[in-house]
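Protein chains in written order, with our numbering: chain A, 2 to 266; chain W, 468 to 735. Right, one structure below, let's go through it.
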Amino acid sequence: MKKYLQVFKITFKEYFVYRLNFLLWRVRNVAQLLVLYFLWQAAIPEGQTVFGYDQTKMLTYILGVSIIRSFVLASRSVEVASDIATGDLSNFLLKPLGYFRYWFTRDIADKILNFSLAVIEITLVIFILHPPLVFQKSLHLLFLTLLAVGVGTILYFYFSLLLAMIAFWSPENSWSPRFLFLIVLEFFAGGLFPLDILPGLVFRSLSFLPFPYLLFFPLNVYLGKLTSGEILFGLSVGLVWVFLFYRAVKFTFQLGLKNYTAWGR
Amino acid sequence: MKNKKFSISKYSRVWWRMTMAGFNADLTNRFAAAFFLMGKFLRFSLFLAFLILLVGRTQTLAGYNVQQVVFFFLTFNLVDIISQFLLRGVYHFRPLIVTGNFDFILTKPLNPLFSSLARRTDILDLLTLIPLVLYIIFFLASGQVVTTLTGILFYLVLVLNALLVALALHIIVLCIGVLTTEVDHLIWIYRDLTNMGRVPIDIYREWLRGFLIFVIPVGVLMTFPAKALMGLLSWQWVLFSIGLSVIFLWGSIRFWRYALNRYSSASS
């Protein structure tokens, strides 16, 4: 446990080497947030309801997605692909260190830092723009939201690892499938709009895929739009996907190691 | 004059050679190229579908109907893709500075600004550009937005003008890359800021709109050409846009000279 704490601390400190770089990275997130915020504010005037959302609920959704995204989707495990491609993976295989645990620790450090800055940014946005917001007071729903965020976090971690492992078979091409995946994710995780504005059949089909459990589902739990049964169903589907991805990652890693030649070493 | 003409032909040949080299490099990696191409098409199609779904339901967005909003998005893509296609070298610039390999560019008998901007051409962008241009022509020909001959003329002038502003902004990104070794994704910040022009900038509050016209002229880049085509932009704004692009381009070239004088050739 102690060694992972050190990994956590080192990852955290890495960001403070290039502070300006990191802060400017956050500017990108603010720009993305402002597009969505003003787009939805213009689309749903005060007092009107579109797709079952009034302005208050939609703006809460957009700001909430920004916060949840900063935690669930912040990740360093994308670098696993470069470990494999450059042969650096060999260093880890020789060390008394759990490779997945190592990357999960780095992910958590990344998430905490991004989340902290996102909270500051959103606070500033609220302070400047004064949006009408829904503040969830039910402790029960807040707890379930945290649980859903936890499921999404672990799901994304395995998702990301699995994508990185393409490098075992195609070391020079691991970025392009991730690029495609990120585009699919942007739309089908609910980062751009709440998925329930889609036609009923499309939405119902999506609810069986892993994407909604990264952003859309936790936010909907927070907004109190789901019944207990729907929350239970969502958590169950999310957990099933976590299990499937966990097994897929383990299997692919073992298979990949057989193919791994420590190229370049 | 003769010498100048010769230069243009020389630079065209160099650009063509570099483009072909880049294309060949892309072809060696067909798997990656196919995924990137698929991603680009998917991103375009899904956002278009989202806009149609949204404005189809609300009927208007900041006073624009669904066809107009779609046309804003098409114009955004046109300017965005052309500038990415021609100026892809900027995305690969910072490593040259950090490693000191920029020295090799400086010692070659080519303008270093040209080499830095155009040393890479993304042929995949060209593949997405062709269907986009066809779609825009079809969109206009089918009368989905009302326009006039003057509107089309203004549109073409302002798209060209937008490309000049994009060029100026890319040069500024290069300059900051030379002056600081710390910022490695300024071009992505530029991309995110220009992404604010995927929708008409009228949706933003006045202070933000002002910022997007006068400071980082995303409005001039992305929104003004479409507005001119629909007859929603006065000639004064057209003149303002051209003036702004001239000032930006002039300023960016001055800035480039200033930055070059401060290049420290680190690590080499």
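Cβ atoms here follow ideal geometry from the backbone N, Cα and C, with glycine treated the same way.
- Partner residues in the beta bridge of Thr50 (chain A), as assigned by DSSP, are A:Asp55.
- Listed in chain order, the positions of the segment 478–508 of chain W with a beta carbon within less than 7 Å of a beta carbon of chain A are Asn496, Phe498, Ala499, Phe502, Phe503, Met505, Gly506.
- Collapsing the DSSP output to three states places Tyr103 (chain A) in a helix.
- If you check each beta-carbon in the segment 155–178 of chain A against every beta-carbon of chain W, the ones closer than 7 Å belong to Ser171, Glu173, Asn174, Ser177, Pro178.
- Glu187 (chain A) and Met663 (chain W) have their alpha carbons spaced roughly 16 Å apart.
- Under the DSSP assignment, Thr566 (chain W) falls in the alpha helix (DSSP H) whose first and last residues are 561–566.
- Within 8 Å of the CB of Val28 (chain A), the CB atoms of chain W belong to Ile656, Asp659, in sequence order along the chain.
- Using beta-carbon distances, Gln33 (chain A) counts as an interface residue toward chain W, with a partner under 8 Å.
- Straight-line spacing of the CA atoms in Leu74 (chain A) and Val705 (chain W) works out to 42 Å.
- Classified as exposed, Ala263 (chain A) has fewer than 16 neighbouring CB atoms from the shown chains inside 10 Å of its CB.
- For Tyr558 (chain W), not one C-beta of chain A is nearer than 8 Å to its own C-beta.
- One finds Ala43, Ala44 in chain A with Cβ atoms closer than 7 Å to the Cβ of Leu528 (chain W), taken in chain order.
- Distance from the Cα of Gln255 (chain A) is smallest, within the candidate group A:Leu196, A:Phe9, A:Trp170, for A:Trp170.
- Here the segment 173–187 of chain A makes no contact with the segment 235–243 of chain A; the two share fewer than three CB pairs at distances below 8 Å.
- Under the 8 Å criterion on CB atoms, Met697 (chain W) is classed as non-interfacial with respect to chain A.
- DSSP links Leu584 (chain W) through a beta bridge to no other residue.
- In the structure shown, Tyr558 (chain W) adopts helical secondary structure according to DSSP, grouped into three states.
- Per DSSP, reduced to three states, the secondary structure at Tyr725 (chain W) is helical.
- Secondary structure of Leu591 (chain W) (DSSP, three-state): helix.
- Around Phe252 (chain A), no beta-carbon contact reaches into chain W at under 9 Å, the shortest distance being about 22 Å.
- DSSP, reduced to helix, strand and coil, places Leu94 (chain A) within a helical segment of the structure shown.
- Within the same chain, Gly567, Phe569, Asp570 come within 8 Å of Ser732 (chain W) by CB-CB distance, once the 5 residues on both sides are set aside.
- Counting other Cβ atoms within 10 Å of its Cβ, Ala165 (chain A) reaches 16 or more and is therefore classed as buried.
- Nearest in C-alpha terms to Leu140 (chain A), of all of A:Leu148, A:Leu134, A:Pro133, is A:Leu148.
- Ile548 (chain W) has its alpha-carbon roughly 19 Å from the corresponding atom of Ile668 (chain W).
- One finds Ala44 in chain A with Cβ atoms closer than 7 Å to the Cβ of Leu521 (chain W), taken in chain order.
- The C-beta distance from Val8 (chain A) to Tyr103 (chain A) rounds to 6 Å, short enough to fall under 8 Å.
- For Phe13 (chain A) and Tyr157 (chain A), the gap between their C-alpha atoms comes out near 20 Å.
- The DSSP assignment places complete alpha helix (DSSP H) segments of no fewer than 4 residues inside the segment 8–49 of chain A at 20–44, in order along the chain.
- Across the set A:Phe105, A:Gly230, A:Leu240, A:Pro133, the C-alpha of A:Pro133 shows the shortest separation from the C-alpha of Asp55 (chain A).
- DSSP places Tyr657 (chain W) in the helix class (H, G or I) of the three-state scheme.
- In the same chain as Leu64 (chain A), and ignoring 5 residues on each side of it, the C-beta atoms closer than 6 Å to its own belong to Ile123, in chain order.
- The C-alpha of Glu47 (chain A) is placed about 26 Å away from the C-alpha of Ala190 (chain A).
- With 16 or more neighbouring CB atoms inside 10 Å of its own CB, Phe503 (chain W) falls in the buried class.
- DSSP places Tyr602 (chain W) in the helix class (H, G or I) of the three-state scheme.
- Residue contact check for Val51 (chain A) against chain W: a CB pair falls below 8 Å.
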